[in-house]
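Visitor: Take a look at the following structure, please.
Protein chains: 2
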Amino acid sequence: MKAIVKIMLKPGVLDPQGKAIEHALGSLGFSGVGEVRQGKLITLQLDDADAEGARTRVREMCEKLLANTVIEDYEIEIVE
Amino acid sequence: MKAIVKIMLKPGVLDPQGKAIEHALGSLGFSGVGEVRQGKLITLQLDDADAEGARTRVREMCEKLLANTVIEDYEIEIVE
Chain Z
1 MKAIVKIMLK PGVLDPQGKA IEHALGSLGF SGVGEVRQGK LITLQLDDAD AEGARTRVRE
61 MCEKLLANTV IEDYEIEIVE
Chain L
81 MKAIVKIMLK PGVLDPQGKA IEHALGSLGF SGVGEVRQGK LITLQLDDAD AEGARTRVRE
141 MCEKLLANTV IEDYEIEIVE
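As given, the protein sequences belong to chains Z and L, one line each in that order.
Going by this note's numbering, 58 is the number at position 58 of the first sequence; the sequence numbering is gapless.
Going by this note's numbering, 150 is the number at position 70 of the second sequence; the sequence numbering is gapless.
And the structure:
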């Protein structure tokens, strides 16, 4: 079983990496690009048999290690 | 219109960040976690009117700036 975790800064939290990309795209001549935000994408191979159990475990991993829940939101997708 | 770009290291390319997460999860007592890989998730607000045009433009942004296509694969999703 595979889990995909998407971690993004919460709305309103300053995102200097996103801003840097935004400016770089402007310098490269791409117009009409509004807000750019950069987050993390983490994929995990799990040996869990059931999807609900896997989701619960990955949620715990997010709370304890993967995400900084003060400033980041996360989203879990279980595939296969 | 909003574009979501997922950028992951190509299979086979060493991913030290992913390995660090894998070990940290093990230390925290999470068992049965196989390979972990970390990538980037970039969201862009675009003022394009049509989805196909937006996709073409974002593909160009990926080739020129967002992804290092020697070692990274990217996937584009256009939403809204």
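Glycine included, each C-beta is placed from N, C-alpha and C at the ideal position.
(1) Please confirm if the segment 109-129 of chain L is in contact with the segment 85-99 of chain L, defined as three or more CB-CB distances below 8 Å between the two stretches.
(2) Quick check on T149/L: buried or exposed, where buried means 16 or more other Cβ atoms within 10 Å of its Cβ?
(3) Could you list which residues in chain Z have their beta carbon closer than 8 Å to that of I122/L, in chain order?
(4) Identify whether V13/Z lies in helix, strand or coil by the three-state DSSP scheme.
(5) Please confirm if A24/Z has its CB atom under 7 Å from at least one CB of chain L.
(6) Start and end of the alpha helix (DSSP H) containing T69/Z?
Guide: On the basis of the data shown:
(1) yes
(2) exposed
(3) G18, I21, V36, R37, Q38, G39
(4) coil
(5) yes
(6) Run containing T69/Z: none; DSSP gives neither H nor E here.
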